[in-house]
Amino acid sequence: MPPTPDAAAGRGRPRPAGGLDPFAADGEIGRDLAAVDWAATPLGPTAGWPQSLRTAVSILLSSRFPMWLAWGPELTFFCNAAYRRDTLGRKYPWALGRPAGEVWAEIWADIGPRIDTVLSTAESTWDEALLLFLERSGYPEETYHTFSYSPLRDEDGAVVGMLCVVSEDTVRVIGERRMATLRDLGSDPSVVRTEQETLDFAGRQLGRNLRDLPFTLTYLFEEGGGARLAQASGIAAGHPAAPAAIAEDGAADAVWPAQALHRGETALLELRGELIGELPRGDWSQPPAQALVLPLLRQGGTPYGFLVAALNRYRPLDEAYRGFVELTAGHLAAGMAIARSYAMQQRRAEELAELDRAKTTFFSNISHEFRTPLTLIMGPLEELRGRLAGADARTRAELEAVHRNGIRLGKLVNTLLDFARIEAGRMRASYQPVDLSAVTAELAGVFRSAVERAGLGFEVDCPALAEPVHVDRDMWEKVVLNLLSNALKFTFEGSIRVAVRAGPGEAVVTVADTGIGVPESESPLLFERFHRIENARSRSNEGSGIGLALVKELVELHGGTIAAASRENVGTTFTVRLPLGDAHLPQDALVAAGGAAAISATAEPFIQEASRWLPTDPSDDQDAAGGPGDEAQRVPTGGQQAPPGADRTLPAKILVADDNADMRAYLTRLLRGAGHDVAVVNDGVYALEAARAQAPDLIVSDVMMPRLNGLDLVAALREDARTSSIPVLLLSARAGQEDSIEGFEAGADDYLVKPFSAAELLARVRANVELVRLRTHHLRWRTALVDSLQEAFFVCDQDGAVVEINAAFTDILGYGPEGLPYPAPQPWWPKAELDRAAHERLSEAFSNLLEQDRGMITVPVVHREGHRLWISAAFNQVQDPDTGRRVIVGTCRDVTAERYAIQRESAVAALSLRLSGAASLDEAMNGALEVLRSLWGAEQVLAAVFADGAAPALTATGPDADWDRLSDSRQAALNALREGPLLAPATHAAGPGGVGVALEHPRGPMALWLDIGNRRRFTDQDLTLLSLLAGHLAQGLARAHQIDRERETALALQRAILGPSRLPAGFAVRYEPAARPLEVGGDWYDTVALSGGRIGIVVGDCVGRGLEAATVMGQLRSACRALLLQDPRPDQVLLALDHFAEGVSGAMCTTVFCGVLDPVAGRLAYSSAGHLPGILALPDGTTQLLDRALALPLAVRPGAPRPCEERDLPARSTLLLYTDGLVERRRVVLTDGIARAAEVMAQQRGAALEDLAAQLMNRLAPADGYEDDVALLLYRQPAPLAITFTAEAGQLAPVRGALRGWLEKCDVPVELVQKVLVAVGEACTNAIEHGRRRADDTVRLRAEALVDQINVTVVDAGQWKAPVPPVGSRRRGHGLMVMRAMMDDVAITSSAAGTTVAMRTRIR
Amino acid sequence: MPPLSITSRTQEDTVTLTVTGEIDLGNAESLYKALAEALGPGAPVVVDLTAVGFIDSRGLSALVRARHEAVRAVDAVPVPILLVPSDPVARLLELAGTDTILPVYPDQAAARAALTGA
């Protein structure tokens, strides 16, 4: 605590200065400095100051830059005016002449060390923007200073003080920090975010400045009142100061004054009270004391919400700070404004889209609604026109007017529907490649008559294009007809020209006229919907203004473009460009080229309309009105054809279903008029009933009907066998391909769109009725066709019964049509009892046949005459057109020969595989017999080898592989086989149901015999195969024999190399060479008994594998043994081995782990030549790596000293040494493999050592076996105790002594030692008492320590009963009771050979 | 390992046998004999086993047999045998449940005190 300035001021005494006044440079500070009692400071009176100090003070005072200096042993403080102003504040003048450490006590921890450095090293320091908490204004203040301390020297050059030049950076640092936050808040404003995303983004930015804003909360006002927490920074959700919601009423206990903020007021709040709890501290050590709460202002409205900004308690809330917080709130408010306005725009756009959809739906619906009445107008009208052909001119003219306008209305409705479809994306197109020139020319041709009658020239210039163009024919018709219609309408003299050309990658179609044209300003508007050129001269005022707009849409659906070039009074040219190929079109809308379809009914209204524009010639009025003689009507629309008169097929029985009474009456009238027999119903349900009651020849049904609509009616009819073949003609008001496709998919035979003409209906009715009658005729043709097929042909019904076959089928299988139908299972199936495999194979294939749509199967079958065949059948599921049922149609051919060829190849391959994989002759034999057995499904396969002299050696697939147990007849048969020619199979050679063959076995002649039972015939094919396989077998056996001999050699070598494998107690090892059948590799382990009970342990790994590596290994191993015996220090052994390895080819880079174990002390000294670290598993489940004393592999740098390390092996710990084959895996880091081994060690540390070795080999083995040699060696401290002693009481004490010593090495508790001693003592006593009476009077004691238990066995050659001994031997029972009390588990097994007591206790 | 040693000392009508070493099949019989001999005069016998590091069921049996002898010897009035066991001995005595016929005392003084108090 600094004393008050008053106290400091009163302390000084003005003193006259001796010599030059050192304080003269500054009047004010100088005066105060002069007032200091210098005599009381270590510097003494000013008069005695050295010149160096005077100079320094003088420089200090005269500088305008903030500085202070410290001089002398106490670092007495001086400063100048600038420093006083900027930094010292209220500490002036108290600070003058005081020790610097006292003046700046609060920051001494920061600056003290720096000053010390300056004084001790005489080097300057430099610190930039160092954060210091100065208490110059009455509170700890966050300040930043950039300063330099430089040494000051006295006359002798010694450093006696230091000068600090300082500039304060507080304003700059804090200003930059706040600017950064504001900049981040405003960053990337282009990304439009939702309200929450905006706030989250802001929250992340604010959270990065926890100095100015230790925490913030953003609340948004709710519509219903109150506010909810929308974002927070620096404070956890659920904190008492951050309630998720604030109630509307603004209760007094609310944390934040929401109501005042709602009014737009800003408030500065003190942060304390229970409500707020312990606040987060931001970047500071103390929580904020105040918060500024500001509204998020909305232009022209109540605030969006408010921002709570906790304030930095180390800075005053000055104007800059307040401004910063306000700008932050402003940013948040602006972000909210943008987010909300964006959300509103999006809603508006969605509403507009919805409106547009509603409009489209409306258009679509209203157009549909027009169609039915139109049909009812046009139908009767056509009848009327026919009937009133002879009526007076006026009647006819009026009728024609009605007719024309009806057609026009229809065209208009269709165009509107097209638009509605395009807008709804439902326009279904089928693009097919067409000869565009021909199609266009044909369409133009339709107009020729009208154009010529208008007195205009008509030029159609359509040379064939090199390649077809993909168009939807219906659409293209509309395009061309609209353009021509348009040209004709606005052209009064001159000509119209239609041309098709090939452009680059496109077809160009132009329709040019010499008409009135349009002003240039109007050109762009030509394709606008409902746009009409005002006041233009035209042939008609009719027109909806949508023709060209539709054309544009249609062209664009083709991926094409349309452009108009027009000049007033010169003419207009429309240019359509269509891309070639089909890549630009939706692939699912492509269809193959169709026939040269005729121009559809689409053209008629255009011609009708155009004709009306032309001057009327009274004489051909009727023609012009579209009568039968009209040239324009030559297009085959059928619309104007009179109903045919007498028809050969009539009358037909027709059922009409329609819910519209007018339509029913109309249809009835029409059909009866045509001579048909008509029944009428008014919905689908009645129609179904009527059809089931009596099947009509044809059903004419409306699509839209109550109860059961037309599509469902068709489906129901098709499901029922009685009605499935009745043809159905559907009538629908819905035009368009997608609807008719739906109709056809449902199974309708024909589909007619309203409005339709009477003639069209009658024509379709006639066609359908004729079709039905033709079908019976077709049937006869079909039969003849099927019979003429070269391949066998069959039809199965859905239950799998063969209902139809052809002549070829009979040829292959022997079964003729007289046996039809052949229900499953057919007579050609192999009998299950004779050949189960074949039978199952066929059953499976057969069920596939019934379940799959199509497929190909190859199955075994039996000819009528009994021989085996293989047939390959291809089948398809199809719908029977007559019954609608699923049937299977298939063809098949005889593949027996091919099949046997394949079978031979695969059998040879299987046998070769088995032979090549065999590691020994016996394995080869067993494998080969098994292959033969499964190939023929034989009961058993026997092979007798007749080696010289001895009884034949028998090998068999089943049991009974003993020559002596064979029946005499079989022995005789096998003998006979052996005498016979080689590789010549003989059936019944070894009795009925068998086949045999003789071949050469490496050990002598061999007779092979297959017992195939009576179940199937062994065909010639089988005999050939057997002969072939026997040949392969003989070769394979010879090869296996060769391998056997090599293996024997290798084993002999291995034994020589590995030496005797007698391991000291406490060890377990595993060895697995990678190269089989060799059983040695480049890896090795070794243990060497050394003096003093020590044991040398070596695990090594030579480069490479196989015999070569094994040879190197053998030399190194022997050398290592010798070296260990000579000098049992691991590092010395490896050092010497380095030199040895230098001279052995291939020994370089061998890795070796060499250790010397003292089992008594439980210590291991080791050194590693680049070998993998050993793993030590401790009883507590942890593992450690023996990874010290590691140096280079052998012979890499001979002569370099090698390290040595000693390691304690705690009681019951287990050591694992291994080679890399155990842990190294492809694509797995080596350390992972080691870790895995360590894991197994830790998990299995309680297992017996041999079990642990097995577990390691098992668990670490890769899925397909070890790829490299593996050697592993395990040692557990202490080694098991094994004592053999004679059955004498005097042995008990020494045995007990040995056991006690061993138990101490096991580190088990004293009480447990005692218990084990007593229990084992009892067992030994018993053994002695019993062993004594036997010839063999030795007792064997073995004790083994596992990680948490001790196992002891005592074995004697005597017998003793447990647990109830006979009378007189109660001691014995007593002994057993004691054992049981001392140990967890005691098991006694007695046999003739002796008694074994096995005891176990857990180590607690 | 030191062989079993048994020293006998008679003091104020009490025989004290001090046993040192380990007791097993090999020497249980000598313990029994020493005990039987000590029991002969009919004075109470304190058997100090505090220096016995090991005893097995045969040793225990020797103690129990001696006790039977004591009962038979003097007209069904048993000569008291007082045991002062070591930890290992105490544990086995407890296990065998012999403390009802062979009372156990923490040290020789306590055993003698029990005799004089009785």
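For the protein sequence lines, the chains are A and B, in the order given.
The opening residue of the first sequence carries number 443 in the numbering used here; numbering runs sequentially from there.
The opening residue of the second sequence carries number 92 in the numbering used here; numbering runs sequentially from there.
All C-beta atoms in this analysis are idealised placements derived from N, C-alpha and C, irrespective of residue type, glycine included.
- With contact defined as three or more Cβ pairs closer than 8 Å, the region 907 to 922 of chain A and the region 1013 to 1031 of chain A are in contact.
- Residues of chain A whose Cβ lies closer than 7 Å to the Cβ of G117 of chain B are, in chain order, A1731, G1732, L1734, A1735.
- For the pair D1125 of chain A and T1333 of chain A, the Cα-to-Cα distance works out to about 44 Å.
- Bounds of the alpha helix (DSSP H) holding Q1685 of chain A are 1672 to 1685.
- Shown here, H1443 of chain A sits in a strand according to DSSP, grouped into three states.
- DSSP, reduced to helix, strand and coil, places T559 of chain A within a helical segment of the structure shown.
- Using a Cβ-Cβ cut-off of 7 Å, A1703 of chain A does not count as an interface residue toward chain B, since no Cβ of chain B sits closer than that to its own.
- According to the DSSP assignment, T1397 of chain A belongs to the beta strand (DSSP E) that extends over 1395 to 1398.
- Taking 7 Å as the CB threshold, Q1686 of chain A stays off the interface with chain B.
- With respect to the C-alpha of L1357 of chain A, the residue from A:N1368, A:F969, A:G899 having the closest C-alpha is A:N1368.
- In this structure, DSSP gives G742 of chain A a state outside helix and strand, which the three-state scheme calls coil.
- Residue burial is scored here from C-beta neighbours: M778 of chain A has at least 16 other C-beta atoms within 10 angstroms and is therefore classed as buried.
- Against chain B, the CB of G1817 of chain A has a partner CB under 7 Å away; the residue lies at that interface.
- For D955 of chain A, the enclosing beta strand (DSSP E) covers residues 948 to 955.
- In the DSSP assignment, W1312 of chain A falls within the unbroken beta strand (DSSP E) covering 1310 to 1321.
- Here DSSP, grouped into helix, strand and coil, assigns S1833 of chain A to strand.
- In this structure, the beta-carbon distance from V478 of chain A to G543 of chain A does not fall below 7 Å.
- Shown here, V1541 of chain A sits in a strand according to DSSP, grouped into three states.
- By the criterion of a C-beta distance shorter than 8 Å, A1631 of chain A is surrounded in its chain by P1572, D1573, Y1608, S1609, S1610, R1644, P1645, C1646, E1647, once the five residues flanking it on both sides are discounted.
- Contact annotation, T636 of chain A with A762 of chain A: C-beta distance approximately 33 Å; criterion of less than 8 Å not satisfied.
- Fewer than three beta-carbon pairs drawn from the region 1752 to 1764 of chain A and the region 1706 to 1720 of chain A are found closer than 8 Å, and the two stretches are therefore not classed as touching.
- Using beta-carbon distances, P179 of chain B counts as an interface residue toward chain A, with a partner under 7 Å.
- DSSP places Q647 of chain A in the uninterrupted alpha helix (DSSP H) bounded by 637 to 648.
- DSSP, reduced to helix, strand and coil, places E935 of chain A outside both helices and strands of the structure shown, so it counts as coil.
- The shortest C-alpha to C-alpha distance from P1028 of chain A to any of A:S1053, A:H1000, A:T1015 is the one to A:H1000.
- L1734 of chain A and D115 of chain B do touch by the CB rule: their CB atoms are close to 5 Å apart, below 8 Å.
- At a C-beta separation below 8 Å, G1763 of chain A has these neighbours in chain B: D115, F145, D147.
- Three or more beta-carbon pairs separated by less than 8 Å link the region 1613 to 1620 of chain A to the region 1678 to 1697 of chain A, which places the two stretches in contact.
- If the five residues before and after R650 of chain A are omitted, its C-beta is found closer than 8 Å to the C-beta atoms of T623, D626, all from its own chain and listed in chain order.
- Take the alpha-carbon of Q1136 of chain A and the one of V1320 of chain A: they are about 27 Å apart.
- Of all residues in the region 1623 to 1642 of chain A, none has a C-beta nearer than 7 Å to a C-beta of chain B.
- Nearest neighbour of P1447 of chain A by Cα position, chosen from A:E1307, A:V1820, A:G1422, turns out to be A:G1422.
- The Cβ neighbour count for V1665 of chain A, taken over all protein chains shown within 10 Å, is at least 16; the residue is labelled buried.
- In this structure, DSSP gives Y1108 of chain A a helical state, which the three-state scheme calls helix.
- Rounded to the nearest angstrom, the Cβ distance from P730 of chain A to N754 of chain A is 7 Å, consistent with a contact under 8 Å.
- Annotation: A482 of chain A to E516 of chain A spans about 12 Å, alpha carbon to alpha carbon.
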